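Notes to accompany the following structure.
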Amino acid sequence: MKTNKGPSYDTIKALETAPSMFLVLSPELYIITASDMYLEATQNDRKLIVGRHIFEAFPDNPEIPNADGVKNINASLQEVLRTKKAHFMKFQRYDVPDIANPGKFITRYWDPSHTPILDEDGEISYIIQLATNVTDQVLMRRKLLASETAQAESALEVSSLISKLDLAEQELLMLNFNLEKQIDQRTEQLENSEEKYRGLIEHSPVAMQVFRGEEMRFEIVNEAMLKFLGKGPEIIGKTLFEGVPEIAGQPIVDVLYGVYHTGNSLELQAEEVVLERNGIKETGYYDVLYRPLYDGEVITGVLGIAIDVTPQVKAKLAIQESEVRFRTMAEGSGILISTIDVDGKVDYLNKTWVEFTGKKLDKLTNFGWTKLIHPDDYEQVNRSYEAAYIRKEAFANEFRLLDAEGNYRWLRLRGAPRFNADGSFAGYVCSSVDFTDEKQQLLEIEYINKALVNAIEQLEHSNSLLRDSEENLQSAFNAADLGSCTLNIKTGKTDMSPRYRSLYGLPLMGEITWDMVNAAIEPEFLPEVNLVMENAKIHGTAVDSTYAIRHLETGERRWMRVAGKVRASDDGTFSHMYLVVMDVTVQKQDEQRKNDFIAMVSHELKTPLTSLTGYTQMLLRTARKEIDEAKIGLLGKMERQLKKMAVMIDGFLNISRLEAGKIQMEVQRFDLALLIAEIGEEFYAITKSHQLLFSEMEVIWVNADRDKIGHVVNNLIANAIKYSPSGSDIMVNCEIKNRKAEFSISDKGIGVSAQDLPRLFDRYYRVQGTQVVTVSGFGIGLYLSAEIIQRHGGKIWAESELGKGSVFYFSIPLAS
Ligand code: ADP
């Protein structure tokens, strides 16, 4: 034991007996002594504890793990040693060892205080630990509160808890302060973010709106959305139906409420919405997104985003519409129309295809129709299509396709590429037309072209031959002493060979006009020559004329025979005349001599014939008086024979006159039909043997010699009677044909054989045959008729069949 100043012995004794419970401790915390009451209360013996360290004498109850008596008492003592001031503790459990049961403790509660006792130096001399045993009070209080020991403890704990709580409260306050600060910050952040959120919506180029509450009040509506809705900012704060009344009843409203009630976001594509803008209801199409807005768990609104896809939808609708229009048109057209998809398959063919091919639609689609292509054309169709398909270009081809009747028809197919709105290739639209007839014509033209090329080649060849032959011809002309001339009918200019010129005595060089030629013609032939030339120019009739000229140089009279043809130009008018002239003076002189002889004989025969006729008539008169029937009969026959003879002799005289050019042409304008009718009257009167039928005739004006044409008609009617059996019909007609007056007479008589037919109009030609031997004649009538008609620029001909009958015709130009 350490000795210090400590209390005096007396003090110790006084303290030991003082009626209080205390321990006296050295500043080193060794027990100096204990009061009797203390010893009693702790059931201790002074000898056992004096001189021991306080905590050695009173350790913590080892059965209580969290006993803090030692710790708290020590803390209080240390406080006292440091401050040298008394320290009061709150009550403290501090169990004391049980003397009766060594190792065991007795539960004790104390309210200890430590008071330092200072010496004269002011240093701590000793410390009095005053402790009141409050165990009974504590236990009592426990009993009072819940009659439970634990409650006394909890009361203690409560108090410690309270102090803890105080501390906790401090911390809480601190925490609260921090929290509030954080909340303020968060609120500020939140406000900032809401500001940002609002700003984001309001300035978004995408149309957005925020609805709040069950009644869908517009909270935020950005510019773009206002534009869609066709409304102003006044709708903000209004309900959906107040702001956009026209929306009521539209499906989009149900969608919006659906999102609000279910909390499921929804996206719609190309939703049709009718909105009123500037008083006009407009239908638009929108991609719409609705997203619910939450406040915690609760849905408080809906965010709406809309993208206007009206132009795209309208374009699509327009395409669909145009597709429908196209199909309607395609169905109605007579053209074969089809479409090919992007993969090259035919996906549409119109009705015309079905009608044309007679096949069902499903047999034609895809590549079905190609089976109908002519095998020879298939390759080229395929090639042209594939080449175009690769480049997405238009194509065209021509091929044969089998039609419903099993015939191949030529089709002209054209395919134009189709493109989608985005420019992507969509296939082809094709049209085909049947051009078989055209193709046929083309083939014909092709054939004609080939023939033409051939002809041109031949022409070239002929041209060279012609050049040769022209030279030959010219030599022939020269050899035959023929003159040639080309007359331009329109200009009157001539291209005349030197021989032609020399025959007429025209200048051998320089230009020759037709008037210069006419000047050489003997005046009595001029009307006839002019008529022939006129008819040739106007009607294109051939020229064959023999006439006398006065040689322009020598003044000699010479006979010329001019023959020629007329060429028509493309417009149908006659442009050129090709003439050949030959000097027939020698032949004419021979003939003349013969004719003169015939004329002389005829003339000489006429005088005795006239006397004979006179005597016969006298004798006939006498016989009639004597009524001698036999004589009358014989003399009558004689008279008829004499008449015939006279007619024959007249014929010869006419011929000689004609050929001597002594028959004058007296051209006048007259009605040919009327002339025929007059001649018909005369024949009616005298003809009893045949049935003469004259058809109805209109007025037919001609420029001709009326008597001579009358002579021709007379002659043809007389022949018809002569060469057909009595009682048979003879039909006479005259009409306008090919701008000419055409006379015809048909009989049912003996007819003429084919070999005789071309020679009938020759001088003195008579058909040799038993049937005609009895019929008198010299073969002069038709010759004279032909001469007359030719001098009028006309034509005479006959059609006949032996034993069946004949038709004789002549035609002369109409009066212009
Ligand atoms: P003819 O004086 O011999 O009748 P034509 O010149 O008038 O002389 O006729 C020549 C010949 O043409 C005739 O001999 C006759 O053989 C034949 N002929 C003329 N007209 C007819 C006719 N209508 N039917 C049959 N033969 C005819």
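If you read the sequence shown in the numbering used here, its first letter stands for residue 593, the second for the next number, and so on. We put the beta carbon where it would ideally sit given N, CA and C, even for glycine. Here the structure is a predicted model, which means the values were calculated and not measured.
Which class does residue i belong to by DSSP, given the choice of helix, strand or coil?
{"i": "Ser-600", "result": "coil"}
{"i": "Glu-811", "result": "strand"}
{"i": "Thr-699", "result": "coil"}
{"i": "Ile-1342", "result": "coil"}
{"i": "Asp-1354", "result": "coil"}
{"i": "Phe-769", "result": "helix"}
{"i": "Val-642", "result": "coil"}
{"i": "Asp-690", "result": "coil"}
{"i": "Asn-1080", "result": "strand"}
{"i": "Pro-1009", "result": "strand"}
{"i": "Ser-612", "result": "coil"}
{"i": "Gln-781", "result": "helix"}
{"i": "Ile-709", "result": "strand"}
{"i": "Asn-725", "result": "strand"}
{"i": "His-1131", "result": "helix"}
{"i": "Asp-776", "result": "helix"}
{"i": "Arg-1331", "result": "coil"}
{"i": "Asn-636", "result": "coil"}
{"i": "Val-1259", "result": "strand"}
{"i": "Ser-1067", "result": "helix"}
{"i": "Thr-1362", "result": "With a pLDDT of 47 at Thr-1362, under the threshold of 50, the modelled position of that residue is not reliable, and the figure given next carries that caveat. Three-state DSSP puts Thr-1362 in coil, outside helix and strand."}
{"i": "Ser-1320", "result": "coil"}
{"i": "Ala-606", "result": "helix"}
{"i": "Val-934", "result": "coil"}
{"i": "Gln-861", "result": "strand"}
{"i": "His-1168", "result": "strand"}
{"i": "His-1195", "result": "helix"}
Given a cut-off of 7 Å on the beta-carbon distance, is the pair residue i and residue j in contact?
{"i": "Ile-1404", "j": "Gly-1386", "result": "yes"}
{"i": "Leu-1204", "j": "Leu-1234", "result": "yes"}
{"i": "Gly-1206", "j": "Phe-1166", "result": "no"}
{"i": "His-1168", "j": "Thr-1078", "result": "yes"}
{"i": "Val-1305", "j": "Asp-1263", "result": "no"}
{"i": "Asn-1325", "j": "Ser-1287", "result": "yes"}
{"i": "Val-851", "j": "Tyr-882", "result": "yes"}
{"i": "Ala-907", "j": "Ala-996", "result": "no"}
{"i": "Lys-943", "j": "Glu-923", "result": "yes"}
{"i": "Ile-1322", "j": "His-1282", "result": "yes"}
{"i": "Gly-1019", "j": "Arg-1010", "result": "yes"}
{"i": "Leu-1285", "j": "Ala-1333", "result": "no"}
{"i": "Glu-1183", "j": "Thr-1208", "result": "no"}
{"i": "Gln-684", "j": "Gly-661", "result": "yes"}
{"i": "Val-798", "j": "Ile-812", "result": "no"}
Closest to residue i by C-alpha separation, out of the options, would be which residue?
{"i": "Glu-1114", "options": "Thr-1083, Trp-1151, Thr-1086 and Ala-1134", "result": "Trp-1151"}
{"i": "Arg-1213", "options": "Arg-917, Thr-1202, Gly-1228 and Ile-1040", "result": "Gly-1228"}
{"i": "Asn-1295", "options": "Leu-1267, Ser-1316, His-1282 and Ala-1312", "result": "Leu-1267"}
{"i": "Thr-1279", "options": "Asp-602, Ala-1312 and Gln-1382", "result": "Ala-1312"}
{"i": "Val-901", "options": "Leu-1211, Phe-1117 and Tyr-877", "result": "Tyr-877"}
{"i": "Leu-1374", "options": "Glu-772, Phe-1353 and Ala-1310", "result": "Phe-1353"}
{"i": "Ala-1112", "options": "Leu-1100, Gly-893, Pro-1090 and Glu-1148", "result": "Glu-1148"}
{"i": "Gly-888", "options": "Glu-863, Gly-855 and Arg-869", "result": "Gly-855"}
Can you find a heavy atom of ligand 1 that lies under 6 Å from the Cβ of residue i?
{"i": "Tyr-1170", "result": "no"}
{"i": "Gly-1373", "result": "yes"}
{"i": "Ile-1271", "result": "no"}
{"i": "Leu-1352", "result": "yes"}
{"i": "Ala-1312", "result": "yes"}
{"i": "Val-1344", "result": "yes"}
{"i": "Arg-1358", "result": "yes"}
{"i": "Tyr-1425", "result": "Not covered by the structure: residue 1425. The range shown for the chain is 593 to 1408."}
{"i": "Ser-1398", "result": "yes"}
{"i": "Gly-1369", "result": "yes"}
{"i": "Gly-1341", "result": "yes"}
{"i": "Tyr-1207", "result": "no"}
{"i": "Tyr-1315", "result": "yes"}
Quick one: give me the first and last residue of the alpha helix (DSSP H) that residue i is part of.
{"i": "Glu-648", "result": "646–649"}
{"i": "Leu-1144", "result": "Leu-1144 -> no alpha helix (DSSP H), and no H or E assigned at all."}
{"i": "His-1303", "result": "1298–1314"}
{"i": "His-853", "result": "843–854"}
Along the beta strand (DSSP E) that carries residue i, what are the first and last residues, could you check?
{"i": "Gly-1371", "result": "It is not in any beta strand (DSSP E) - Gly-1371 carries neither H nor E in the DSSP assignment."}
Using a Cβ cut-off of 7 Å (strictly closer), state whether residue i contacts chain C.
{"i": "Lys-1180", "result": "In the displayed structure, chain C is absent; only one protein chain is listed."}
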